[in-house]
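Here's the structure we're looking at; comments come further down.
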Amino acid sequence: GHTLQSQTLADGVYTAGQAARGQQVYQAQCAVCHGDALEGSVGPPLAGDGFLSIWGARPLVDLVDKIHYTMPLEAPAPLSRQESIDLTAYVLQTGDFPTGEAELTDGMLAGIVLPAAPAAAGSAAGGDLALVPVANLAQLMRAVTFPNSNAIFNVQLKDPGDQVLPAPGGRPFDYVEWGSTVYPGWQAIDLAALALVESTPLFLAPGRRCENGRPVPVDRADWKQYTEELVEAGRAAYRASQSRSVDAVIEVADQLNNACDNCHTTYRAARADLPVQSASRRPDNPSRRRLRVCRLRPLVKISMRLIPVVATASILSIAAPAFAQQWTEYASREDRFTCNFPGEPTVTETTWTSEFGAELPARVYAAEVGPSRYTVTVADYNHVERILTERAGNCPPGAERCSGGGLTGEGYWRHDLLGAMLYATWTFLQRDTEPTHLGYNNVDRVEGYQLHLTNPDESRTFVSIYMHQNKLYVLEGTVPRGYPDPALFQQSLGWLDEDGNGLRYQSTYSNGFPAPPRVPAVF
């Protein structure tokens, strides 16, 4: 037989009998949507230039997969694999591709590519409507990229094939809820992926600006590269969705995450040497500032693929005056982090008691919006060796748990330092609350834990715990029942270096081990 590399449609890769079987399938199952002559009707054309404009330069396996997994559109069950291959043979026959002596088989599909579509002739009216950006980059991403990316990420949590539509008449009519029932399940994932493919090139529209008025760097080679990577991730998501396989979409979720992350690595850096405005209106205090750099990343940070993201707009959409506060990015140069807060946080000097009893200097950054509360607690474990070593000198003879030594460190300071994140997690588990999630996470490659809790009053608490440069960071967001998850706050954490520049690592940072190389900041 032919090898995959040697087979082309010109060789005759199907038989007339196979095409005849495919024609029977087509007339019974497909003609009502695609037309008696495959010219397209309700459904797209399966012959001619219109067909090749969609399927040209793609392997036959893509077409067969599309038919097998998704067609007929409203049928209780899709066509069988053999029916799909036979139908493809009929499509080839209609396209005037020659027959051969052997039937088209599943094993041949990946090696046979349809010809590219002919170049489209220019339209006399084409180009009359100039593309003049109206939305800034953040608005465009929040309106299109954000919801459609999350629709794809959500496949990790919910199988689209298992979606249960709400019973009609169960509650007052709602256009948004109704709209979600028109193209439900896997169709919604198809459309989300296509939306990414079609809309992402708008990132390159000349004249578009960032949220703070800076022009989007549409002429930069890396910006064009990152845009194309997101387009390709959308294409991959569409192909995966067409397979109707949750596992395939989950694999593509990594590609989509990386496409976003690669761009964010370069363009989300916060530089201290750019003009800033003091959030506290005290320019003499460089640690309490609202950064005004061009955050080309909208508030859509993905730090772990199984954590869904909540947009700022959804939090601020609650109709009450108390929620009119603006979420802004806050930076602390003393504790070397950035985080989104609903307004200016208060900063309280306090202490943190470690597992082995060291009273460590700490700060609590806190802000409230209505009944919701958000805090970042930073405990400085750089002092733990000195404190516990001094205490060990006063331990009674034989009190090994007090004195420590060797691998544990004097006074167990090494254990205290290495176990700081685990101990912080344990303190939350001692509360009168129900844990609903505990997992590993990383933010800009700094590893840590995430914890979700449901409290006795049915409020929810999202906790993130990280260790960076011997400082413990504990983010805690609590919202009442029925309010959006505090995931925006949880996932907005970022790091600053010793000069106040945005900081990210090339690989995983584990506190206590040599730090990996840093990713250079652009701005």
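Count along the sequence shown from 1, then add 229; that gives the number in the numbering used here. The beta carbon of each residue, even a glycine, is placed where N, CA and C say it ideally should be. In this text the structure is predicted, and so the values were computed from the model without any measurement.
Inset, instruction - Please report the residue range of the alpha helix (DSSP H) in which C760 lies. - result: This structure gives no information on residue 760, because the portion of the chain shown stretches from 230 to 752.
Inset, instruction - Check whether the Cβ atoms of C262 and V271 sit closer than 7 angstroms, and answer yes or no. - result: Your numbering for residue 262 matches position 33 in the sequence shown. Your numbering for residue 271 matches position 42 in the sequence shown. Cβ distance < 7 angstroms, so C262 and V271 count as in contact.
Inset, instruction - Compare the C-alpha of D483 against each of A462, V447, R473 and L289 and name the closest. - result: Translated into positions along the sequence shown, residue 483 becomes position 254. Per the Cα distances, A462.
Inset, instruction - With a threshold of 16 other CB atoms inside 10 Å of the CB of T317, please say whether the residue is buried or exposed. - result: For the purposes of this step, residue 317 is identified with residue 88 of the sequence shown, where counting begins at 1. With 16 or more Cβ atoms within 10 Å of its Cβ, T317 is classed as buried.
Legend entry - Supposed contact pair A276 and L770 - C-beta distance, whole angstroms, cut 8 angstroms: Lying before the first or after the last residue shown, residue 770 is absent from the chain, which here runs from 230 to 752.
Inset, instruction - State the start and end residues of the unbroken alpha helix (DSSP H) segment that holds R643. - result: For the purposes of this step, residue 643 is taken as residue 414 along the sequence shown, with counting starting at 1. Unbroken alpha helix (DSSP H) run through R643: W642 to L647.
Legend entry - Pick from D291, Q679 and R602 that is closest to Y763, judged by C-alpha positions: The question about residue 763 has no answer here: the residues shown for the chain are numbered 230 through 752.
Legend entry - For Q735, three-class secondary structure by DSSP: For this step, residue 735 is matched to residue 506 along the sequence shown. Q735: coil per DSSP, three-state reduction.
Legend entry - First and last residue of the uninterrupted alpha helix (DSSP H) at G633: For the purposes of this step, residue 633 is taken as the residue at position 404 of the sequence shown. Following the DSSP letters along the chain, one finds G633 in no alpha helix (DSSP H), marked with neither H nor E.
Legend entry - Any C-beta of chain B under 7 angstroms from that of Y319: Looking at the structure shown, chain B is missing, and only one protein chain is on hand.
Legend entry - Residue range of the unbroken beta strand (DSSP E) whose run includes Y702: Taking the first residue of the sequence shown as position 1, residue 702 is located at position 473. Segment K700 to V708, the beta strand (DSSP E) holding Y702.
Inset, instruction - With DSSP as the reference, label P389 as helix, strand or coil. - result: Locating residue 389 in the sequence shown gives position 160, where the first residue counts as 1. It is helical.
Inset, instruction - Tell me whether F718 is buried or exposed, calling it buried when 16 or more other Cβ atoms sit within 10 Å of its Cβ. - result: As a working note, residue 718 is residue 489 in the sequence shown. Result: buried.
Legend entry - Reference G706; option with closest CA among Y594, H493 and A488: Counting from 1 along the sequence shown, the entry for residue 706 is found at position 477. Among Y594, H493 and A488, the Cα nearest to that of G706 belongs to Y594.
Legend entry - A466 versus L321: straight-line alpha-carbon distance, rounded: Here residue 466 corresponds to residue number 237 of the sequence shown, with the count starting at 1. Here residue 321 corresponds to residue number 92 of the sequence shown, with the count starting at 1. Spanning the two alpha carbons is a distance of roughly 26 angstroms.
Legend entry - Bridge partners - T567, DSSP secondary structure assignment: By one-based count along the sequence shown, residue 567 stands at place 338. DSSP lists A560 and G723 as partners of T567.
Inset, instruction - For the alpha helix (DSSP H) containing P376, list its first residue and its last residue. - result: In the sequence shown, the residue the question calls residue 376 occupies position 147. Note, P376: alpha helix (DSSP H), F375 to F382.
Inset, instruction - Select from P743, S583, A286 and F432 the residue whose C-alpha is nearest the C-alpha of L651. - result: The sequence position of residue 651 within the sequence shown is 422, counting from 1. If we check each option's Cα against that of L651, S583 comes out closest.
Inset, instruction - Go through its chain and collect everything with a Cβ distance to P746's Cβ below 6 angstroms, but skip five positions before and after it. - result: Taking the first residue of the sequence shown as 1, we reach residue 746 at position 517. Closer than 6 angstroms at the Cβ level, and outside the excluded window around P746, lie Q735.
Legend entry - Assumed close pair V242, L333 - CB separation to whole angstroms, cut-off 8 angstroms: If you number the sequence shown from 1, residue 242 lands on position 13. If you number the sequence shown from 1, residue 333 lands on position 104. With a Cβ gap of about 5 angstroms, V242 and L333 count as contacting.
Inset, instruction - With DSSP as the reference, please indicate the residues paired to I694 in a beta bridge. - result: The residue labelled residue 694 in the question sits at position 465 within the sequence shown. I694 pairs with Y678 and V703.
Legend entry - Where V361 falls, given that 16 or more other Cβ within 10 Å makes a residue buried: Residue mapping note: residue 361 aligns to position 132 of the sequence shown, counting from 1. Its Cβ having fewer than 16 others within 10 Å, V361 is exposed.
Inset, instruction - Indicate the three-state DSSP secondary structure (helix, strand or coil) for R602 in the structure shown. - result: Reading the sequence shown from its first residue, position 373 is the one you call residue 602. In this structure, R602 counts as strand in the three-state DSSP scheme.
Legend entry - P327 burial status per 10 Å Cβ neighbour count (16 or more: buried): Numbered from 1 along the sequence shown, position 98 holds the residue referred to as residue 327. Exposed is the call here.
Inset, instruction - Determine the direct distance from the alpha carbon of S739 to that of L647, and round the result to whole angstroms. - result: Translated into the one-based positions of the sequence shown, residue 647 becomes position 418. Translated into the one-based positions of the sequence shown, residue 739 becomes position 510. Those two C-alpha atoms are separated by around 10 angstroms.
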